[in-house]
Amino acid sequence: MDYQLTGKTALITGGATGIGKAIAQRFILEGAKVVISGLLADEVNAAVEELGDSCQGLVADLTQDGAAERLVEMAQASGPIDFLINNVGIFEVRDFFETDDAQWFHYFNVNVMSGVRMTRLVMRDMLNRGHGSIVFISSESAVKPQPWMVHYGAMKTCLLGISRALAELTKGTAVRVNSILPGPTSTEAVKRYHREIAEEKGISAQQVVHDYFDETEPTSLIRRMIEPEEVACSVLHLAASPALNGMAMRIEGGTIRSIL
């Protein structure tokens, strides 16, 4: 399918690794220019080299003053931002009783406020131009919260409310705001977590994944990890399809037992 993205600009936060990098690759394949951010210089530089001439990158901690502004300025250097993908987030398993207020505020700052800051900087111009598209990367945890990462589910639920409310501001324009709910995805962070469990239990990482779908995600219909590239294809479709607005799209392999 030709999404007609040649000459368009996509800004993808957290685009140096995982789902974010896969999204950047998918936009580039469709002809777009992309600007990505990441926390570590090595990762950003490696991603830019891998993604090629259509990609620029900035090392930026979006919780820090001025970082979001610098990222937007880089993306706007050659024209308006057509797509904003709010992908930055922290996935971490933590005991609820061992997670203090400071850690909660840190998770909120990264997982929620980074997207709020970026959208506040980008969306007004989109509304003034009358077109543009924003996607928040939420999670199946937003509607299926897990007790081993209460903080994560809470933040991802928050993104659904923010996304839908912002979509209401687009009425009568061609600007759109949506969110997407990936399920268990085989990112480096998740693979690392599986390796840690495997070492702790003395089993293979493959067995960890098998046991996960038997014991933790038994409702999964595909019974496998989702690849970042699969999520990226859905994000592209959601971002570039003119009739999709104010929605929360699921790509979670059927783990959520719901017909809507």
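The sequence shown begins at -8 in our numbering and counts up one residue at a time. Ideal placement from N, C-alpha and C gives every residue a C-beta, glycine not left out.
Margin query: Using only CA atoms, which one of Ser249, Cys46, Val35 and Thr161 lies nearest to Gly123?
Written below: For the residues Ser249, Cys46, Val35 and Thr161, the minimum Cα distance to Gly123 belongs to Thr161.
Check: In its own chain, which residues sit with a C-beta less than 6 Å from the C-beta of Arg215, not counting the 5 before and 5 after it?
Finding: none
Margin query: By the DSSP assignment, the alpha helix (DSSP H) with Lys24 in it spans what residues?
Written below: First-last for Lys24: Lys24 to Gly29, but that is the beta strand (DSSP E), not the alpha helix (DSSP H).
Margin query: With three or more beta-carbon pairs closer than 8 Å as the criterion, would you say the segment 75 to 86 touches the segment -1 to 8?
Written below: yes
Next item on the list: Give the secondary structure of Arg248 by DSSP, where H, G and I count as helix, E and B as strand, and everything else as coil.
Entry: Correct three-state label for Arg248: coil.
Next item on the list: Determine the closest residue to Leu227 out of Ile125, His97 and Gln94, with distance taken between C-alpha atoms.
Entry: When each option's Cα is compared against that of Leu227, the closest is Ile125.
Checklist line | Cβ pair count under 8 Å reaching 3, the segment 125 to 139 against the segment 170 to 179 | finding: yes
Notebook entry, point to check: In angstroms, rounded to a whole number, what distance separates the CA positions of Ser154 and Met240?
Noted result: If I take the Cα positions, the gap works out to 12 Å.
Check: Do Thr54 and Glu179 have their CB atoms nearer than 8 Å?
Finding: no
Next item on the list: Excluding the 5 residues preceding and the 5 following Val222 in the sequence, name in chain order all residues of the same chain whose CB lies nearer than 7 Å to its CB.
Entry: Ile10, Ala13, Pro173, Thr176 and Ile242
Next item on the list: Just mark Asn102 as buried or exposed, buried being the case when its beta carbon has 16 or more other beta carbons within 10 Å.
Entry: buried
Check: With burial defined as no fewer than 16 other Cβ atoms inside 10 Å of the residue's Cβ, what is the status of Arg167: buried or exposed?
Finding: buried
Next item on the list: Below 6 Å CB to CB, which residues in the same chain sit around Val50 once its five sequence neighbours on both sides are set aside?
Entry: Ala32 and Val35
Next item on the list: For Glu218, collect the residues of the same chain with a Cβ closer than 7 Å to its Cβ; drop the 5 residues on either side in sequence, then sort them by chain order.
Entry: Counting only Cβ-Cβ distances below 7 Å, and skipping sequence neighbours, we find Ser177.
Note to self: Looking only at its chain, what residues have a beta carbon closer than 6 Å to the beta carbon of Gly22, apart from the 5 residues adjacent to it on each side?
What the structure shows: Leu(-4) and Thr(-3)
Notebook entry, point to check: Any idea if Gly121 is buried or exposed, counting beta-carbon neighbours within 10 angstroms, 16 or more meaning buried?
Noted result: Taking all protein chains shown into account, Gly121 has fewer than 16 neighbouring C-beta atoms within 10 Å of its C-beta and is therefore exposed.
Checklist line | CA-to-CA distance, Ile19 to Glu41, given in whole angstroms | finding: 12 Å
Next item on the list: Note down the Cα distance separating Leu157 from Tyr143, rounded to an integer number of angstroms.
Entry: 21 Å
Checklist line | 8 Å Cβ cutoff met for Ile128 and Gly163 | finding: In this structure, the beta-carbon distance from Ile128 to Gly163 does not fall below 8 Å.
Next item on the list: Determine the closest residue to Gln47 out of Ala58, Thr148, Ala15 and Glu60, with distance taken between C-alpha atoms.
Entry: Ala15
Notebook entry, point to check: According to DSSP, is Asn77 helix, strand or coil?
Noted result: DSSP, reduced to helix, strand and coil, places Asn77 within a strand of the structure shown.
Check: Can you list, in chain order, the residues of its chain whose CB lies under 8 Å from that of Val107, leaving out five sequence neighbours each side?
Finding: Ile153
Margin query: Please report the distance separating the alpha-carbon of Arg248 from that of Met104.
Written below: 30 Å
Next item on the list: With Val50 as the anchor, note down where its alpha helix (DSSP H) starts and where it stops.
Entry: Careful: Val50 lies outside any alpha helix (DSSP H), inside the beta strand (DSSP E) at Cys46 to Val50.
Check: For Met146 versus Tyr98, is the C-beta distance shorter than 8 Å?
Finding: yes
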